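Only one structure is covered here, and it is reproduced in the block below.
2 protein chains.
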Amino acid sequence: MAELSEKARSKLHSLNEALESGAMTRVRRIINSGLAPVDVAHLIESSPPKARKIIWELVDKEIEGEVLQYLAIDIQSQFLSDMSAEEVVDATADLDSDDIADMLQQLPEQVTQEILSSMDHQDRARVEAILGYPEDSAGGLMNTDTITIRPDITLDVVLRYLRRHQSLPDMTDNLLVVNRQNEFIGALPIRKLLVSDPLQTVREVMSTGSTVIQATQHETEVAKLFERHDLVSAPVVDANGMLLGRITIDDVVDVIRETADHSLMSMAGLDEDEDTFAPALKTARRRAVWLGINLITAFIASAVIGLFDKTIEAVVALAVLMPIVASMGGIAGSQVLTLVIRGQALGHLSGANFRWLFNRELLVAALNGVLWAIVIAILAWVWFGDPRLSLIMAAAIMINLMAAAVAGASLPQILKARGIDPALAGGVILTTVTDVVGFMSFLGLATLIYI
Amino acid sequence: MAELSEKARSKLHSLNEALESGAMTRVRRIINSGLAPVDVAHLIESSPPKARKIIWELVDKEIEGEVLQYLAIDIQSQFLSDMSAEEVVDATADLDSDDIADMLQQLPEQVTQEILSSMDHQDRARVEAILGYPEDSAGGLMNTDTITIRPDITLDVVLRYLRRHQSLPDMTDNLLVVNRQNEFIGALPIRKLLVSDPLQTVREVMSTGSTVIQATQHETEVAKLFERHDLVSAPVVDANGMLLGRITIDDVVDVIRETADHSLMSMAGLDEDEDTFAPALKTARRRAVWLGINLITAFIASAVIGLFDKTIEAVVALAVLMPIVASMGGIAGSQVLTLVIRGQALGHLSGANFRWLFNRELLVAALNGVLWAIVIAILAWVWFGDPRLSLIMAAAIMINLMAAAVAGASLPQILKARGIDPALAGGVILTTVTDVVGFMSFLGLATLIYI
Chain A
1 MAELSEKARS KLHSLNEALE SGAMTRVRRI INSGLAPVDV AHLIESSPPK
51 ARKIIWELVD KEIEGEVLQY LAIDIQSQFL SDMSAEEVVD ATADLDSDDI
101 ADMLQQLPEQ VTQEILSSMD HQDRARVEAI LGYPEDSAGG LMNTDTITIR
151 PDITLDVVLR YLRRHQSLPD MTDNLLVVNR QNEFIGALPI RKLLVSDPLQ
201 TVREVMSTGS TVIQATQHET EVAKLFERHD LVSAPVVDAN GMLLGRITID
251 DVVDVIRETA DHSLMSMAGL DEDEDTFAPA LKTARRRAVW LGINLITAFI
301 ASAVIGLFDK TIEAVVALAV LMPIVASMGG IAGSQVLTLV IRGQALGHLS
351 GANFRWLFNR ELLVAALNGV LWAIVIAILA WVWFGDPRLS LIMAAAIMIN
401 LMAAAVAGAS LPQILKARGI DPALAGGVIL TTVTDVVGFM SFLGLATLIY
451 I
Chain B
1 MAELSEKARS KLHSLNEALE SGAMTRVRRI INSGLAPVDV AHLIESSPPK
51 ARKIIWELVD KEIEGEVLQY LAIDIQSQFL SDMSAEEVVD ATADLDSDDI
101 ADMLQQLPEQ VTQEILSSMD HQDRARVEAI LGYPEDSAGG LMNTDTITIR
151 PDITLDVVLR YLRRHQSLPD MTDNLLVVNR QNEFIGALPI RKLLVSDPLQ
201 TVREVMSTGS TVIQATQHET EVAKLFERHD LVSAPVVDAN GMLLGRITID
251 DVVDVIRETA DHSLMSMAGL DEDEDTFAPA LKTARRRAVW LGINLITAFI
301 ASAVIGLFDK TIEAVVALAV LMPIVASMGG IAGSQVLTLV IRGQALGHLS
351 GANFRWLFNR ELLVAALNGV LWAIVIAILA WVWFGDPRLS LIMAAAIMIN
401 LMAAAVAGAS LPQILKARGI DPALAGGVIL TTVTDVVGFM SFLGLATLIY
451 I
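See the structure below:
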């Protein structure tokens, strides 16, 4: 309940305190006082490395598997690597086949085999079916335990058949109809089953137009389908239309969340799986790479400035004002870049409308260019009282905003076409462009006029 | 079907071409050849303003409402404002009460009243119930048409009762159990209904521990609950526990998508509802504000440089190298900033663990500071052959990376505590800090050593 989640949150807080003060008995009591697995997982994710190990040790064996399933990849694989094959099998016994597969994908091949071989035949078959597909494909996302029925039986028979189950799989909104060859031929919505005449046959009631997902489709493609058609679950078939399993919305929601996080994190050179509480050394190593790449950008910009050292020596005010030109270009460019990257993610951009967008951005840059060129020229004049300086500033701002628009709008499309992630590489390249153009135009013009 | 979505996409493409070439008859044919409303909406979103109007004119009256419902807020309200009250009522007749409420919330109060008054009594009551709550609350998100049952009847009666419906509402995974006062007392999962003995009563089978949402809860809070408990739908109650309606996962997915987009767009000073194909003038106006704010930052940085113009005059190499110090700080800082903002969104940060994170970031900054200080010192030495310059660079980089860590880690928490959006304000303030500290430390140290 909402209340419960409140309760859980307060528990997390007191647990944090207990950990801080090292009151282990209290920690144990809190964890094993019916804190939901998802909350335990969230608590582990919210804890520094040391505390994580402690909490994990104290987690009740029964819920270990569920807790693992809710943990972020980084932490999950770390814990898994400390467990023996038997322990993993025991912990994951009650999990869905797709969640087990996700975990195995993070273990070394040989360990995975060990675990698979110690599973019972049916479970192994299910998990192996999923492991046969890439992690980021529909096949890797699907769950293999589905309820299938034949088209020629009556709804009444279906109802009696269902009653023989202890319970139905989570998120069962459709019963999947297959023929003798296990080929998917339609879906019987539970909603229809309940309101239809029991004497009708499945074939008469089933819907054949429902969304079918190919096992090889990419997970982001799957997410789009779920969003566009408001699905709760959808059947997954192989190239021959044979039913392999189904994908449920809860797994799709994770995909949506990760894809959305990806752009945000990539633009800062971070990974969307980035563990907020990763140890310092690991973090430093990852960050160093990004800083190194950006250092190259910075040195390129400096090299441009270096070309005009004589001019700067003559008119030192140039050194004072030049960062303004560069930074305004960077800001304007990153707005265009972000908009286009978001547009790509939403699938808004096609060849036809991109030309319009590109021209729109040029126009926007021109409008803001004029506005801010005037403002900056006036401010510069008030500051240094040199009309030539104001003129140079205005021209440089104008040039750089236009360059920023061109780069910001075209970079994502160019990079994407070359299979490079625009969110990751776009910002760095853009800054290089706006810095170089900014310093070049400003100091170049100054050289023409002053020297 | 997946195939269909393929077909739709190719249709969108040929439609774009038809629009480009102005072949109106072809456009009309394509749109009215069974393109799903969601695809029409997507096409409109993907079109420049002019094309939008054309397509909208051609849309079949029957699907107008559904198309509207799938459109981005910006475009939706634009089209709505061109429609008469009667037209809106006709178009939205078949929509869910929550979707109608969403649309009305974008119209002027007086128009909304006009529309409400021309609805039939029951529909008006439903919509008004939703309009009573803020748009971003559970109440604003909920749908009021739910199937409720009493606890004391048998499942057999329930099944017969359901059969009297033409169909059940979308995403009905639970029947909501209420007492005579319409107080919510439990949920009967369809999955249980189907496998249980028909002679049992609802009270015996219903689950009472299910998640209940308060109408006043914020939508992001609702999304967290849906994600944590893998919900398809959840009942919404008022302060007295009276059942008001229910929220379904399809609406929650939109909330998740928007919240995730928010950080990305805000960091570039954009709104998550930003229309990719908004007209140039509107776009320019919105962007101008952001550029203005950042101009202030830039001038502050320039003012700092201005303090040291004598030093730069003496050693022009300083002007060449100073952007490196500032930009390295900016990059390092934005990495920390982004990580913390994401951590806040995931609810990972509490008082206890934040102290650890803060210290971790200081340590990371120190490690990368040492590494890059050495690299940059060497590069600067190779370039200018002045050991003093290298020394100053190294020290300034070290100082600025530490400052960046402090600002990047603490800004989001400080801003959030003051109710300011960290994603929007964080970047600007951070850049100001890293620019000022960067130029100040670099040029300041230079002044001490050279002058």
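Protein chains in written order, with the UniProt record's numbering: chain A, 1 to 451; chain B, 1 to 451. Heads up, the beta-carbon is just placed ideally off N, CA and C, and yes, glycines get one too. Remember, predicted model here, so these are calculated numbers, not experimental data.
Rounded to whole angstroms, what's the CA-CA distance from B:F442 to B:I392? Just pull it up for me.
-> Taking the second sequence and counting its residues from 1, the one referred to as residue 442 of chain B is at position 442. Taking the second sequence and counting its residues from 1, the one referred to as residue 392 of chain B is at position 392. Their Cα atoms are separated by approximately 6 Å.
Do you know offhand how far A:A234's Cα is from A:V222's?
-> For the purposes of this step, residue 234 of chain A is taken as the residue at position 234 of the first sequence. For the purposes of this step, residue 222 of chain A is taken as the residue at position 222 of the first sequence. If you take the alpha carbons of A:A234 and A:V222, they lie about 9 Å apart.
What does A:P48 touch in chain B if you count any residue whose Cβ is under 7 Å from its own?
-> Counted from its first residue, the first sequence places residue 48 of chain A at position 48. Neighbours of A:P48 on chain B, chain order: N353 and W356.
When you compare only the Cα positions, how much space is there between A:G209 and B:D94?
-> Here residue 209 of chain A refers to the residue found at position 209 of the first sequence. Here residue 94 of chain B refers to the residue found at position 94 of the second sequence. The straight-line gap from Cα to Cα measures roughly 21 Å.
Minimum length 3: unbroken beta strand (DSSP E) runs contained in the segment 86 to 158 of chain A | Within the segment 86 to 158 of chain A, no run of beta strand (DSSP E) reaches 3 residues while sitting entirely inside it.
Coil, strand or helix - A:H229 by DSSP | Walking along the first sequence from the start, residue 229 of chain A turns up at place 229. Looking at A:H229 - three-state DSSP - the assignment turns out to be helix.
Assuming A:V202 and A:V177 form a contact by the criterion Cβ under 8 Å, report the distance between their Cβ atoms to the nearest whole angstrom.
-> Here residue 202 of chain A corresponds to residue number 202 of the first sequence, with the count starting at 1. Here residue 177 of chain A corresponds to residue number 177 of the first sequence, with the count starting at 1. With a contact defined as Cβ atoms closer than 8 Å, A:V202 and A:V177 qualify at about 6 Å.
If we cut at 7 Å on Cβ distances, does B:E258 have a partner in chain A?
-> Position 258 of the second sequence, counting from 1, holds the residue named residue 258 of chain B. B:E258 does not count as touching chain A.
Per the contact definition of three or more C-beta pairs closer than 8 Å, is the segment 396 to 406 of chain A in contact with the segment 306 to 318 of chain B?
-> Per the Cβ contact rule, the segment 306 to 318 of chain B is not in contact with the segment 396 to 406 of chain A (fewer than 3 Cβ pairs under 8 Å).
For the 8 Å Cβ check, are there 3 or more pairs between the segment 247 to 263 of chain B and the segment 140 to 147 of chain B?
-> Short answer: they touch.
In terms of DSSP beta bridges, what is A:N359 paired with?
-> The residue you call residue 359 of chain A lines up with position 359 of the first sequence. A:N359 pairs with nothing; no bridge assigned.
Does the segment 422 to 431 of chain A come close enough to the segment 266 to 273 of chain A that 3 or more CB-CB pairs lie under 8 Å?
-> At 8 Å Cβ cutoff, the stretches touch.
Candidates A:L371, A:A301, A:T434 and A:V382: closest to A:L337 by CA position | As a working note, residue 337 of chain A is residue 337 in the first sequence. Out of A:L371, A:A301, A:T434 and A:V382, A:T434 has the C-alpha closest to the C-alpha of A:L337.
Ignore the nearest five residues each way along the sequence and tell me which others in B:L58's own chain have a CB closer than 7 Å to its CB.
-> Here residue 58 of chain B refers to the residue found at position 58 when the second sequence is read from its first residue. Sequence-distant partners of B:L58 (beyond 5 residues in either direction) whose C-beta falls short of 7 Å from its own C-beta, in its chain, are V27, R28 and I31.
So is B:T172 buried or exposed if we call it buried at 16+ other beta carbons inside 10 Å?
-> As a position in the second sequence, residue 172 of chain B is number 172, starting the count at 1. Classification of B:T172: buried, given that the 10 Å Cβ count is 16 or more.
Roughly how many angstroms lie between the CA atoms of A:N179 and A:A187, to the nearest whole one?
-> Position 179 of the first sequence, counted from the start, is the residue given in the question as residue 179 of chain A. Position 187 of the first sequence, counted from the start, is the residue given in the question as residue 187 of chain A. So the two alpha carbons sit approximately 12 Å from each other.
Examine the Cβ distances between the segment 403 to 410 of chain A and the segment 339 to 359 of chain A and report whether three or more of them are shorter than 8 Å.
-> Put simply, the segment 403 to 410 of chain A touches the segment 339 to 359 of chain A. At least three CB pairs are less than 8 Å apart.
Using a beta-carbon distance below 7 Å, is B:T216 in contact with chain A?
-> Taking the second sequence and counting its residues from 1, one reaches residue 216 of chain B at position 216. The C-beta of B:T216 comes no closer than 7 Å to any C-beta of chain A.
In the DSSP assignment, what residue or residues form a beta bridge with B:L176?
-> As a position in the second sequence, residue 176 of chain B is number 176, starting the count at 1. BP columns for B:L176 point to B:T148 and B:A187.
Stretch pair the segment 68 to 82 of chain A + the segment 36 to 55 of chain A: three plus CB contacts closer than 8 Å | Flag = yes, the segment 68 to 82 of chain A and the segment 36 to 55 of chain A touch.
Considering only C-alpha positions, which residue in the set A:I55, A:Q166, A:V325 and A:I63 is nearest to A:A446?
-> Taking the first residue of the first sequence as position 1, residue 446 of chain A is located at position 446. Residue A:V325 holds the alpha-carbon nearest to the alpha-carbon of A:A446 among A:I55, A:Q166, A:V325 and A:I63.
N- and C-terminal bounds of the beta strand (DSSP E) containing A:G34 = Locating residue 34 of chain A in the first sequence gives position 34, where the first residue counts as 1. Annotation for A:G34: no beta strand (DSSP E) segment contains it, and DSSP assigns it neither H nor E.
Who are A:S84's beta bridge partners in DSSP?
-> The sequence position of residue 84 of chain A within the first sequence is 84, counting from 1. In the DSSP assignment, A:S84 is bridged to no other residue.
Cβ neighbours of B:M1 in the same chain (closer than 7 Å, five flanking residues each side left out) = Walking along the second sequence from the start, residue 1 of chain B turns up at place 1. Residue placement at B:M1 is flagged as unreliable, the pLDDT there being 29, under the threshold of 50; a coordinate-derived value is accordingly withheld.
A:L175 and B:V195 look like a contact to me (Cβ under 8 Å); what is the Cβ gap, rounded to whole Å?
-> Numbered from its first residue, the first sequence carries residue 175 of chain A at position 175. Numbered from its first residue, the second sequence carries residue 195 of chain B at position 195. Incorrect: roughly 13 Å between the Cβ atoms, too far for contact.
For A:T234, which of helix, strand or coil comes out of DSSP?
-> Taking the first sequence and counting its residues from 1, one reaches residue 234 of chain A at position 234. Looking at the sequence shown, residue 234 of chain A is not Thr but Ala. Strand at A:A234.
Taking the Cβ atom as the reference point for each residue, do B:D275 and B:D74 lie within a distance shorter than 7 Å?
-> As a working mapping, residue 275 of chain B is identified with position 275 in the second sequence. As a working mapping, residue 74 of chain B is identified with position 74 in the second sequence. Cβ atoms of B:D275 and B:D74: closer than 7 Å.
What residue from A:A85, A:A373 and A:S137 has the CA that sits closest to A:E114's CA?
-> Within the first sequence, numbered from 1, the residue matching residue 114 of chain A stands at position 114. Per the Cα distances, A:A85.
Which residue's Cα is closest to the Cα of B:W372: A:N294, A:D386, A:L362 and A:G444?
-> Stepping through the second sequence from its first residue, residue 372 of chain B is reached at position 372. Nearest to B:W372 by alpha-carbon distance, out of A:N294, A:D386, A:L362 and A:G444, is A:N294.
B:Q78 to A:Y133 span [Cα, whole Å] = Indexing the second sequence from 1 puts residue 78 of chain B at position 78. Indexing the first sequence from 1 puts residue 133 of chain A at position 133. Using only the alpha carbons, I get a separation of about 45 Å.
When we look at the beta-carbon of B:Q110 and count the other beta-carbons within 10 Å, is it buried (16 or more) or exposed?
-> Residue numbering aside, residue 110 of chain B sits at position 110 when the second sequence is read from its first letter. B:Q110 sits exposed, since fewer than 16 C-beta atoms from the chains shown fall within 10 Å of its C-beta.
Going along chain B in order, which residues have a C-beta closer than 7 Å to the C-beta of A:I312?
-> One-based indexing of the first sequence puts residue 312 of chain A at position 312. Ordered by position in chain B, the residues that pass the 7 Å Cβ test against A:I312 are V316 and A319.
Check each candidate in B:V40, B:A101, B:T283 and B:E361 and name the one with the smallest Cα separation from residue 474 of chain A.
-> Within the shown structure, residues of chain A are numbered from 1 to 451, placing residue 474 of chain A beyond reach of any answer.
Distance between beta carbons of B:I305 and B:F439, contact taken as under 8 Å = Taking the second sequence and counting its residues from 1, the one referred to as residue 439 of chain B is at position 439. Taking the second sequence and counting its residues from 1, the one referred to as residue 305 of chain B is at position 305. The Cβ separation is near 5 Å, so the contact holds.
What first and last residue would you give for the beta strand (DSSP E) that runs through B:L243?
-> Indexing the second sequence from 1 puts residue 243 of chain B at position 243. Note, B:L243: beta strand (DSSP E), L243 to T248.
Within the present structure, is the beta-carbon of B:D309 separated from the nearest heavy atom of the ligand ATP by less than 6 Å?
-> This structure lacks the ligand ATP, and indeed carries no ligand of any kind.
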